[in-house]
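The next block holds one structure in the form of C-alpha cells; read it before the comments.
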C-alpha cells in the first residue's frame, strides 16, 4: 500500500446509492416537469365542464325580439299585451335616466346634449305610434306600441314595433329589427343583423341586408314586371344525358356538365358533378344540384331546390319553389319569385344580389352581404 | 393536391436525398498492452467502447446505399433487405397519415369553412321518422324521448320510432307509457327475436319507415330543440344521402379517461369531419345524431344486418352509389363517453372490427368506382385504413428492432430515426396533438388544452386495443360461425339527471 499503482480508496456504498437515488429522482423530475400543467389541470378541474350545447336556442330569427319584448313586459307592466309575469317576482325598476317614454303625440324628445351629439343613449319607448326625426343614432333599443315612422339617416341598435316600421332613406339597423306588421325601408338601407316582420319586408334599391324573414319580402318598387313569356308553352321531355352515372330513385347523376335545353320539362332530381345550365322556359319538377356554377335562364319553373357549390345566376321571371342554397354568389333577376305565400322557403348564399322586382317568401340569408340592385336595362 | 401538400412532399424528398455531412471516423482502438508488473495508469483515457460496431460511412443521411459487412449473417441479407423495404412502406404510410392530419388541421384553421345547409331556416320540411335503438336503456330512454317530443319541427311531419331490441329491463314499459301519453307521435317497435344488433334492428324498423328522411339517435342522446331541422336541411340537396351531426361528451369532468375522450372527440369532429366537409371529401356517417334519406337507403339495399359498424358500412355504400354524406358541425348533441378503461377498450375493439370489415369490403370497389372523385377515393381509403394503422405501426417497430439487432447500425440509423420521428409525430407530438389543440382552440376552451400530453396515454391504450382487435379478427375469420351480438356501451347517467 502506498506505492505507485495502488488502488485508490474505494468510495462508500452509501454514497453510490445516494447518487443513484439522486439520479433517478432527477430523471423522474425531468419526466414529470412537462406534465405538471396537465396534472394540475387534472386535479383542479378548471375547465372540465362539457362544451356548451345550447339546447333551448333554436336559431329563431325572432329570438332577440322575443327577449326584448319579455324584458319590456316585465319592467313596464301593461306595456306589452299578454306578457307573462316574471317567475321570481318583479325585477328591479329601471333608472328613469336610462329610458324615455315618448310623448302623447308619439314624438321623442331629446336633451340638448343628445341633439348636439345626434345620438341618444337612452331606451326609447313609445306606448303608441312613434314618430322619429332624422339624423339620429339610437344607441339603445327603440320600441313602438303601434307604428314606428322614422325619418332619413337614422341609425338604430334595435327596433321592435307592434305595428309597421317605416323608415326613410339611408337608415341602418345594427343588430335586429322586428315588426308585427310590415317593415319598409327607404333606399340605401343597411341591415346588419336580423330583420323580421309578420307581414312583409320591403327593401328599396341600394339596400344591403344580412338575414331576413317575412311571409313576403319585396325588393324594389311594385308593381312587378310582367312575366317575360306566357307560362303555358309547348315543352319537350329532357333527353337522357350520355354521361349519366346513376339514375335510381328518380335521380339522374351526371358526371359532366349538364345542359337542360330551352322549353325542356323533366320530372325528378338532377345532379351534375360539374356545372349546370338551364335554358329559358324550362320546367323541372324536382331538385337541381350543381357541383360548380349554375345558370338558370328566364321564365324557368323549378318545383324543388336549387343547390350550387359555385355561383348561381337566376334569370328573370323564374319561379323557384324550394330552397336556394349556394356556396358562393347568387344573382336573382327581376320578376323572379322564390317560394310561395303558403310554402315559404329560404335563399342562402355568401353573397346575394337581387334585382328590383324580385319577391321572396320566407327567409333570405346572405352570410356575407346581400344587396338590392337597380333593374338592368335589357341589351339590344 | 394543393400547394401546401406539394411543399411538404418536396421538403421530405429533399431531406431524403441530400448528402449527409462527412461522418467523423472513430479513432483506432487504443488497445494498450500492459506489461506484467507495470504500474497501472488509472488516469489513462480509454476510447469509447460499444457492443455495436462503430458507425461506418454512409452515402446519405438515411443510408439507402450501404456497404456489405464481412461477417457471417444471422439472418440472410435478402430477408433483411425485404424487411427494410417493408419498414420503408410503414414509414411512408405513417408519413401520409401525418400529412393528412396537418392538411385537415390547417384547412380548419385557415381554410374556407362550409356550412351550406345551416341557414335553411324556412322550408316545406319533409316528413321525418326518428329512430331510437334501445337495448336495456331504462336509465336514459325517457330523457331522450322527452327531448325529441320538444323539438322545433312540425309535429305532423315527424314520428318517433323507439326500437326496443329484446330489452330485459323496464325499457318497454317506459316506451309504452310515452306511447299512451303522446298517441300518434310515437310508434314503437318491440323486438323479441331475430338477429341481434343495431343494424338488424334498424333493418327491421326500416319496413315501418314511411317518411322521406330517417334520423337515428342512440337512447342516451339528448337532442336540442333545433336539431331535427338542422339535420333535415341537408336533404334538400339531391346529392346528399346521409347527414351527420356532432356529438359532445356530457360527462367530461368525470375522470382522466372522459377528459381525454372529450379532447379526442373535439379533434375528430371539430377538425376531421368539418375539414372533410370543407374539402368535399368523405365525412363519415357516425350511426347516431344523423340520418339517411329513405330513397337512398332503398337504392343501396337497406341496412346490412351482418355488419359490426353499420355506420361506416352505410357511408361507403352510399358513396359508391353516388350519394354524399353531409356533416353539420353546429348540429350538436350530448352523449355519454365511457368512464372505465375496460369499457373504452371494448368500444375501440368493436369499432376496429367494424371498420376493418368495411375496409375489406369496400377499399377495392372504392378505387374502381366511377362515381367517386379522386380526392374522395384517397380520403375514403385513408379513412378505411385508419384502424389498420395501429398494428402496422407496431409491425414497423418490430421490423426496426429486428434490423437494429441483426444488421443494423450502418444503414439503419437513418431509417430508425425517421420511423421514431414519424411515430412520435403521429402518435404524440405534432400531427394528432396539433389537430386536437386546434379543435380545443376552435371550441373556445382554454385550460383543458393543458391535458394534451396525457393524451399519449389514451393513444397507447388505443394502439394496443386496436391491434388486439385486428389480430382477433384475423383469427375469427377462419372460424366456421361468426356470430354478432349487441355489445352496448355502458351507461352512467341516472334517470332525468341530464336534462337539468
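Protein chains in written order, with this note's numbering: chain A, 985 to 1364; chain B, 61 to 560.
The C-beta atom is built at its ideal place from N, Cα and C for all residues, glycine as well.
Got a sec: does the ligand COA put a non-hydrogen atom nearer than 7 angstroms to the Cβ of residue 186/B?
Judged by which ligands are present, the structure shown has none, so any question about the ligand COA falls away.
Using the C-alpha atoms, what's the distance from residue 466/B back to residue 191/B?
58 angstroms
Out of 1064/A, 1049/A, 1094/A and 1057/A, point me to the one whose CA is closest to residue 1077/A's CA.
1057/A
Could you tell me whether the Cβ atoms of residue 205/B and residue 238/B are closer together than 8 angstroms?
yes
Should residue 1134/A and residue 1151/A be called a contact, given that it needs their Cβ atoms to be closer than 8 angstroms?
yes
Within its chain, find whatever has a CB closer than 7 angstroms to the CB of residue 362/B; leave out the 5 residues flanking it on each side and keep chain order.
263 and 266
Would you call the stretch 454-465 of chain B and the stretch 140-149 of chain B touching, i.e. three or more CB-CB distances under 8 angstroms?
yes
On the three-state DSSP scale, how would you describe residue 1345/A?
For residue 1345/A, the secondary structure class from DSSP, reduced to helix, strand or coil, is strand.
Between residue 220/B and chain A, is any beta-carbon pair separated by less than 8 angstroms?
no
Go ahead and label residue 1011/A buried or exposed: buried means 16 or more other beta carbons lie within 10 angstroms of its beta carbon, across all protein chains shown.
exposed
Taking Cβ-Cβ distances below 8 angstroms as the criterion, which residues of the stretch 384-407 of chain B are in contact with chain A?
392, 393 and 394
Report the partner residues of residue 580/B according to the DSSP bridge assignment.
Nothing can be reported for residue 580/B: it is not among the residues displayed for chain B, which extend from 61 to 560.
Report buried or exposed for residue 135/B, applying the criterion of at least 16 other Cβ atoms within 10 angstroms of its Cβ.
In summary, residue 135/B is exposed, with fewer than 16 beta-carbon neighbours lying within 10 Å of its beta-carbon over all protein chains present.
With a cut-off of 8 angstroms on the beta carbons, I'd call residue 26/B and residue 212/B a contact; round off their distance for me.
Nothing in the structure corresponds to residue 26/B, since chain B is present only between 61 and 560.
What residues in the stretch 236-256 of chain B have a beta carbon less than 7 angstroms from any beta carbon of chain A?
none
To the nearest angstrom, how far is it from the Cα of residue 221/B to the Cα of residue 249/B?
7 angstroms
In or out: residue 79/B buried (at least 16 other Cβ within 10 Å) or exposed?
Residue placement at residue 79/B cannot be trusted, given a pLDDT of 40 that sits under 50; what the coordinates show is reported in the next sentence. Its Cβ having fewer than 16 others within 10 Å, residue 79/B is exposed.
What three-state label does DSSP hand residue 1011/A in the structure shown?
helix
Tell me which residues of the stretch 494-508 of chain B have at least one Cβ-Cβ distance to chain A shorter than 7 angstroms, keeping chain order.
503, 505, 506, 507 and 508
What does residue 1018/A reach in chain B if we use C-beta pairs closer than 8 angstroms?
513
Quick check: the Cα distance between residue 184/B and residue 1309/A, rounded to an integer number of angstroms?
14 angstroms
Could you check if residue 91/B is buried or exposed, using at least 16 other CB atoms within 10 Å of its CB as the buried criterion?
The predicted position of residue 91/B is uncertain, since its pLDDT is 41 and thus under 50; a value taken from the coordinates is nonetheless stated next. Exposed, by the Cβ-count rule.
Does any CB atom of chain B fall closer than 8 angstroms to the CB of residue 1243/A?
For residue 1243/A, no CB of chain B lies under 8 angstroms from its own CB, so it is not counted at the interface with that chain.
Does the beta carbon of residue 430/B come closer than 8 angstroms to any beta carbon on chain A?
Yes, because at least one Cβ of chain A sits closer than 8 angstroms to the Cβ of residue 430/B.
If we call anything under 8 angstroms between Cβ atoms a contact, is residue 1034/A one with residue 309/B?
yes
Hey, would you say residue 1118/A sits closer than 8 angstroms to residue 1141/A, going by beta carbons?
Using a Cβ distance threshold of 8 angstroms, residue 1118/A and residue 1141/A do not count as a contacting pair.
Under a CB-based cut-off of 8 angstroms, is residue 1160/A close to chain B?
no
Does any residue of chain B bring its CB to less than 8 angstroms from the CB of residue 1267/A?
No, its Cβ sits nowhere closer than 8 angstroms to a Cβ of chain B.
Whole angstroms is fine: what's the gap from residue 1332/A's alpha carbon to residue 1101/A's?
38 angstroms
Would you please verify whether the beta carbon of residue 1180/A is less than 8 angstroms from any beta carbon of chain B?
no
Compute the Euclidean distance between the alpha carbons of residue 1298/A and residue 357/B, then round it to the nearest angstrom.
32 angstroms
Would you identify the three-state DSSP class for residue 334/B, choosing helix, strand or coil?
Three-state DSSP puts residue 334/B in a helix.
Any Cβ of chain B within less than 8 angstroms of the Cβ of residue 1166/A?
no
In this structure, does DSSP put residue 1025/A in helix, strand or coil?
helix
For residue 54/B, decide whether its Cβ has a neighbour in chain A, counting only Cβ atoms nearer than 8 angstroms.
Residue 54/B is absent from the model: chain B starts at 61 and stops at 560.
In chain order, which alpha helix (DSSP H) runs of at least 4 residues are fully inside the stretch 253-295 of chain B?
Counting whole runs of 4 or more residues, the stretch 253-295 of chain B contains the alpha helix (DSSP H) stretches 258-266 and 287-292.
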